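K.L.:
Numbered per my numbering, the sequence shown spans residues 6 to 324.
Quick one: the structure is below, and I'll ask about it shortly.
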Amino acid sequence: MNKNISSAPASGQPEAKTSVSGKLKGNLYMFASKTFSGLNQNALRYLLPTWMGAYTGVLLRLGFGSLFFWVWGLFTGKKSQKASAKDMISLFMVGVFFVFGYMFALLSGLSYTTPISSSIFLSLQPAFVYIICLCIRTDKLSMGRVAGIVIGFAGALICVLTQKGSDVASDPLKGNLFCLASAILFASYLVIEKKYLRRLSSATVSKWSFLGGAVAAGVVVLITGWDARVLTQNIFSAPMLALLFVLIFPTSISYLLQDFALKLLPATVVALYSDLILIVSAVASYILGQDKFSWWQILAIILMLVSVYLVENAERKTR
């Protein structure tokens, strides 16, 4: 795409094509990143709300992630371009609104719905990235992608209309709406982050955006109160091991791998890996008993995968 936000350089000059080995690395980074993200859905559902509240969970994730990227920046700072004061403030505000907003909506949604349902809505990220790119006129209209988006929304609508409250989903409608909001916010973050990653290192972009998110989460927790019973458990207990997994892999390493991939792949392609979250989460949910089998849910999953295929196929033809 000549005007795709995922490929057009900030300077307006032709951008060097990513090599085949670079594309392979980018895809491997995203495969690992979204596998962690898929299991993250199940780990968070186990922790919420029994072992910690959603607001506290957001603060723990963003606080740990911010620390991780600031430490990572100490090892990469000499190799990366220095961020201007304007960049720092802008990235901080991106963290306040988009990084915090995304995690807040995701953890709130997982408190009421199942990992599979939340993953179905996260699978809409490619559609939202494309819609955002159309709105800011950095992408062209493609009927193949429009068809994929329509099918994807149909799958999400089936999930909303057919899922009933149960012992594994106390308020699925409320939870699904939160997850829908999280998908929109994360898609927005991908588009914005891609722009900054053309000039700045992944450590610089992430440490300032995560810091902004952590500050916003801290303010919310000061108002709502601290709720983290998981921290009273033994470090080798199941709740603590689940929390450590969430903090280390989906929160820190997954985002780092995603930043690496965004330097090698278009934002739309990176967003397409959200379907892997759905597959991994679905398999883990049925194995762990975190969701009950439903033919309507299977139909929704199939529609989401078809949607991803159509969007990806149209993306490949356009590029």
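From the three backbone atoms N, C-alpha and C, an ideal C-beta is built for every residue, glycine too.
This structure is a prediction, so every number in the text was calculated from the model and none was measured.
Out of L139, I154, R150, state which residue places its alpha-carbon closest to the alpha-carbon of F126.
P.N.:
By 1-based counting over the sequence shown, the position of residue 126 is 121. If we check each option's Cα against that of F126, I154 comes out closest.
K.L.:
Buried or exposed, going by whether 16 or more other CB atoms sit within 10 Å of the CB of Y135?
P.N.:
Here residue 135 refers to the residue found at position 130 of the sequence shown. Label assigned to Y135: buried.
K.L.:
Less than 8 Å between the beta carbons of V210 and L79, yes or no?
P.N.:
The residue given as residue 210 occupies position 205 in the sequence shown. The residue given as residue 79 occupies position 74 in the sequence shown. Result no, Cβ atoms of V210 and L79 do not sit closer than 8 Å.
K.L.:
May I ask you to report which of helix, strand or coil DSSP gives A132?
P.N.:
What you label residue 132 is simply residue 127 of the sequence shown in a count that begins at 1. DSSP places A132 in helix when its eight states are reduced to three.
K.L.:
With a threshold of 7 Å on Cβ separation, who are the neighbours of S26 within its own chain once the five nearest residues in sequence on each side are excluded?
P.N.:
Taking the sequence shown and counting its residues from 1, one reaches residue 26 at position 21. Excluding sequence neighbours, S26 sits near nothing in its chain.
K.L.:
How about M309 and G157: are their beta carbons less than 8 Å apart?
P.N.:
If you number the sequence shown from 1, residue 309 lands on position 304. If you number the sequence shown from 1, residue 157 lands on position 152. Closer than 8 Å, so yes.
K.L.:
What runs of the alpha helix (DSSP H), each 4 residues or longer, lie entirely inside the segment 70-139?
P.N.:
Those alpha helix (DSSP H) runs which fall completely within the segment 70-139 and span 4+ residues are 90-99, 105-115, 120-127.
K.L.:
Give the DSSP-derived three-state secondary structure of A186 in the structure shown.
P.N.:
To locate residue 186, count along the sequence shown from 1; it is residue 181. In the structure shown, A186 sits in a helix (DSSP, three-state: H, G or I).
K.L.:
Looking only at its own chain, which residues have a Cβ that is under 8 Å from the Cβ of I197, when we skip the five neighbours before and after it?
P.N.:
As a working mapping, residue 197 is identified with position 192 in the sequence shown. For I197, where only same-chain residues beyond five positions count, the Cβ hits under 8 Å are V99, F103.
K.L.:
Taking just the CA atoms, how far does K297 sit from L281?
P.N.:
Position 276 of the sequence shown, counted from the start, is the residue given in the question as residue 281. Position 292 of the sequence shown, counted from the start, is the residue given in the question as residue 297. Taking the straight line joining both Cα atoms gives about 20 Å.
K.L.:
Which same chain residues end up closer than 7 Å to A48 when comparing Cβ atoms and leaving out the 5 residues on each side of it in sequence?
P.N.:
Against the sequence shown, residue 48 aligns to sequence position 43. For A48, where only same-chain residues beyond five positions count, the Cβ hits under 7 Å are A247, F250, V251.
K.L.:
Could you spell out where the alpha helix (DSSP H) holding D264 opens and where it closes?
P.N.:
Here residue 264 refers to the residue found at position 259 of the sequence shown. Looking at the DSSP string, the run of the alpha helix (DSSP H) that includes D264 is 259-267.
K.L.:
From which residue to which residue does the alpha helix (DSSP H) around V224 run?
P.N.:
In the sequence shown, residue 224 corresponds to position 219, counting from 1. Unbroken alpha helix (DSSP H) run through V224: 207-229.
K.L.:
Assign A233 to one of three DSSP states: helix, strand, or coil.
P.N.:
For the purposes of this step, residue 233 is identified with residue 228 of the sequence shown, where counting begins at 1. If DSSP states are grouped into helix, strand and coil, A233 belongs with coil.
K.L.:
Rounding to the nearest angstrom, what Cα-Cα distance links Y51 and P244 in this structure?
P.N.:
The count along the sequence shown starts at 1 and reaches residue 51 at position 46. The count along the sequence shown starts at 1 and reaches residue 244 at position 239. Taking the straight line from one Cα to the other gives about 8 Å.
K.L.:
If we count the other Cβ atoms within 10 Å of its Cβ and call it buried at 16 or more, is C184 buried or exposed?
P.N.:
Against the sequence shown, residue 184 aligns to sequence position 179. Its Cβ being crowded by 16 or more others within 10 Å, C184 is buried.
K.L.:
Within the chosen definition, does the segment 102-116 reach the segment 58-75 through at least 3 CB pairs nearer than 8 Å?
P.N.:
With a cut-off of 8 Å, the segment 58-75 and the segment 102-116 count as touching, because enough Cβ pairs lie within range.
K.L.:
Applying the criterion that 16 or more other CB atoms from any shown protein chain within 10 Å of the CB defines a buried residue, is T118 buried or exposed?
P.N.:
The count along the sequence shown starts at 1 and reaches residue 118 at position 113. When all chains shown are included, T118 counts as buried.
K.L.:
Whose C-beta lies closer than 8 Å to the C-beta of N325 among residues of the same chain, with five residues either side of it excluded?
P.N.:
This structure leaves residue 325 out entirely; the chain is present only between 6 and 324.
K.L.:
Whose CA, out of Q46, A37, L44, S122, lies closest to the CA of P177?
P.N.:
Position 172 of the sequence shown, counted from the start, is the residue given in the question as residue 177. Of Q46, A37, L44, S122, the residue nearest in Cα terms is S122.
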